[in-house]
Amino acid sequence: MATKQQKDRSKRKSKRRLKKKEAKRRDHWESAETADRHDLYERSVQNSESEIDFVLEVWEARRGRMPTFLREDFCGTAQTSAEWIRRGPDNRAIGVDLDAEVVQWGLARNAERLTEEQLGRLQVRLEDVLVVDPGPADTLLAMNFSYYLFKDRESLREYFVAAHRGLVDDGMFFLDAYGGSESFTELEEERDLDGFTYVWDQHSYNPVTGGVLNKIHFRFPDDTEMTDAFIYDWRLWTLPEIQELLLEAGFSRVTVYWEGTDEETEEGDGVFVPTTVGEACAGWIAYIVAEK
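Heads up, the sequence shown is in the numbering used here, so the first residue is 2 and it goes up one at a time.
What follows is the structure, encoded as structure tokens:
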């Protein structure tokens with residue numbers, strides 16, 4: 002097995018890097034003992050604002066109407082559902098997740114960032130995404146590669162069938178995916194934020210099964226580290242496989258949205274456009290939109 006390497010990834014086109022706004026500045030230094038892993042995750046990985054912007058742009062282009070009911074599978078803290086609620090007085094959202102600890106954390110955090118009226122339009126269910134039935138949604142999200150936990154074609158197709166069933170007649174299913182030559186290697190990527198360093202650890206890859214073990218660590222200025230803050234035991238699916246399975250599940254149209262390149266930095270520019278041709282770069286992140 003090759004030794005894990007630290008690599009210069011300055012030319013990696015990555016939504017993970019660019020979609021995330023700069024972490025909110027804190028008035029004190031943090032350490033592994035005082036920091037909260039869910040708070041760090043929201044600040045370093047997620048940017049729900051840009052994701053909802055993308056959803057609305059696609060809806061306007063594809064359907065000519067605005068959706069109101071969003072379902073967020075594998076919702077975690079339900080930050081994206083909360084952002085959806087804030088976007089309009091008629092918007093409602095349902096988050097679905099099986100992790101009771103993160104769901105409870107998210108409920109407490111959303112009680113701080115939403116008004117009482119807004120909270121009344123948000124529901125989070127501690128259920129399995131394969132069987133949950135909250136009624137047909139306009140939009141269904143499976144972001145942050147969460148569906149990679151399904152490791153064979155049959156189980157992933159089963160989830161896609163459930164997603165198809167959970168949408169209105171003109172509903173749309175939004176996913177993201179990652180890949181590129183470096184995705185198949187064992188390495189660590191560091192990103193310095195305000196008061197801490199985010200570490201993406203591609204810990205192991207099995208070329209026979211496509212299995213990957215990825216981890217997130219957080220490092221702090223006092224030399225403490227929150228090791229294995231999050232661990233992901235996934236299969237590294239390719240875009241052709243995902244598209245084929247979505248079509249097999251009954252979706253009528255599947256479109257890949259590829260990220261453009263900033264000419265000055267040669268990094269991803271955060272703008273995603275529909276395409277059938279991507280760039281063979283070291284690392285990329287794309288959106289996939291499946292229409293019912």
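For glycine and all other residues, C-beta sits at the position ideal for the given N, C-alpha and C. These figures come from a predicted structure and were not determined experimentally.
Practice prompt. Would you identify the three-state DSSP class for Trp-85, choosing helix, strand or coil?
Written response: Residue mapping note: residue 85 aligns to position 84 of the sequence shown, counting from 1. Correct three-state label for Trp-85: helix.
Worksheet entry | Distance CB(Glu-260)-CB(Ile-286) smaller than 8 Å | Here the question's residue 260 lines up with position 259 in the sequence shown. Here the question's residue 286 lines up with position 285 in the sequence shown. A contact, by the Cβ cut-off of 8 Å.
Worksheet item: For Asp-234, does the three-state DSSP call read helix, strand or coil?
Response: In the sequence shown, residue 234 corresponds to position 233, counting from 1. DSSP places Asp-234 in strand when its eight states are reduced to three.
Worksheet item: Does DSSP put Arg-93 in a helix, a strand or coil?
Response: Translated into positions along the sequence shown, residue 93 becomes position 92. Strand at Arg-93.
Worksheet item: Can you check whether the CB of Leu-248 is closer than 8 Å to the CB of Val-257?
Response: To locate residue 257, count along the sequence shown from 1; it is residue 256. To locate residue 248, count along the sequence shown from 1; it is residue 247. Contact flag unset, no.
Item to complete: Specify the secondary structure class of Pro-135 as computed by DSSP and reduced to three states.
Response: Taking the sequence shown and counting its residues from 1, the one referred to as residue 135 is at position 134. Coil.
Discussion item. Once the 5 residues before and after Pro-135 are set aside, which same chain residues still bring their CB inside 6 Å of it?
Written reply: Stepping through the sequence shown from its first residue, residue 135 is reached at position 134. For Pro-135, where only same-chain residues beyond five positions count, the Cβ hits under 6 Å are Ile-95.
Worksheet item: In three-state terms, what does DSSP make of Arg-110?
Response: The residue you call residue 110 lines up with position 109 of the sequence shown. Arg-110: helix per DSSP, three-state reduction.
Worksheet item: So, do the region 161 to 170 and the region 128 to 142 have three or more beta carbon pairs nearer to each other than 8 Å?
Response: Yes, the region 161 to 170 touches the region 128 to 142.
Worksheet entry | Neighbour-count burial assignment, Glu-118, 16 or more Cβ in a 10 Å radius | Counting from one through the sequence shown, the residue named residue 118 turns up at place 117. By the Cβ neighbour-count rule, Glu-118 is exposed, with fewer than 16 other Cβ atoms within 10 Å of its own.
Worksheet item: Are at least three pairs of beta-carbons, each pair with one atom in the region 56 to 74 and one in the region 184 to 193, less than 8 Å apart?
Response: The answer is no - the region 184 to 193 does not touch the region 56 to 74, with fewer than three Cβ pairs under 8 Å.
Item to complete: Give the straight-line distance between the Cα atoms of Glu-31 and Thr-228, rounded to the nearest whole angstrom.
Response: Within the sequence shown, residue 31 is the residue found at index 30, counting from 1. Within the sequence shown, residue 228 is the residue found at index 227, counting from 1. In this model, Glu-31 and Thr-228 are separated by some 15 Å (Cα to Cα).
Worksheet item: Who are the Cβ neighbours of Lys-152 in its own chain at under 6 Å, not counting the five residues just before and after it?
Response: By one-based count along the sequence shown, residue 152 stands at place 151. Counting only Cβ-Cβ distances below 6 Å, and skipping sequence neighbours, we find Arg-236.
Worksheet item: Distance, Cα to Cα, Val-46 vs Arg-220?
Response: Start at 1 with the first residue of the sequence shown, and residue 46 comes out as number 45. Start at 1 with the first residue of the sequence shown, and residue 220 comes out as number 219. Those two C-alpha atoms are separated by around 15 Å.
Worksheet item: Since Tyr-199 is in the alpha helix (DSSP H), which residue starts that stretch and which ends it?
Response: Residue numbering aside, residue 199 sits at position 198 when the sequence shown is read from its first letter. Taken as a continuous stretch (DSSP letters only), Tyr-199 belongs to no alpha helix (DSSP H), being part of the beta strand (DSSP E) at 197 to 207.
Worksheet item: Ala-291 and Phe-146: beta carbons closer than 8 Å?
Response: By 1-based counting over the sequence shown, the position of residue 291 is 290. By 1-based counting over the sequence shown, the position of residue 146 is 145. Not closer than 8 Å, so no.
Discussion item. Checking the sheet assignment: what are the DSSP bridge partners for Leu-176?
Written reply: Counted from its first residue, the sequence shown places residue 176 at position 175. Per DSSP, Ala-143, Ile-289.
Worksheet item: Taking the alpha carbon of Phe-231 as the point to measure from, which residue in Gly-77, Leu-71, Gln-244 has its own alpha carbon closest?
Response: Looking up residue 231 in the sequence shown gives position 230. With respect to the C-alpha of Phe-231, the residue from Gly-77, Leu-71, Gln-244 having the closest C-alpha is Gly-77.
Worksheet item: Span of the beta strand (DSSP E) holding Gln-47?
Response: As a working note, residue 47 is residue 46 in the sequence shown. Per DSSP, Gln-47 belongs to no beta strand (DSSP E) and is neither H nor E.
Discussion item. With distance defined between alpha-carbon atoms, name the residue in Leu-41, Glu-226, Val-59 nearest to Val-103.
Written reply: In the sequence shown, counting from the first residue as 1, residue 103 sits at position 102. When only C-alpha atoms are compared, the closest one is Leu-41.
Discussion item. Could you tell me the alpha carbon to alpha carbon distance between Pro-241 and Leu-123, rounded to whole angstroms?
Written reply: Position 240 of the sequence shown, counted from the first residue, corresponds to residue 241. Position 122 of the sequence shown, counted from the first residue, corresponds to residue 123. Inter-residue distance for Pro-241 and Leu-123 is about 34 Å (C-alpha atoms, whole angstroms).
Worksheet item: In terms of alpha-carbon separation, which member of Leu-150, Gly-251, Gly-180 lies closest to Glu-280?
Response: For the purposes of this step, residue 280 is identified with residue 279 of the sequence shown, where counting begins at 1. If we check each option's Cα against that of Glu-280, Gly-180 comes out closest.
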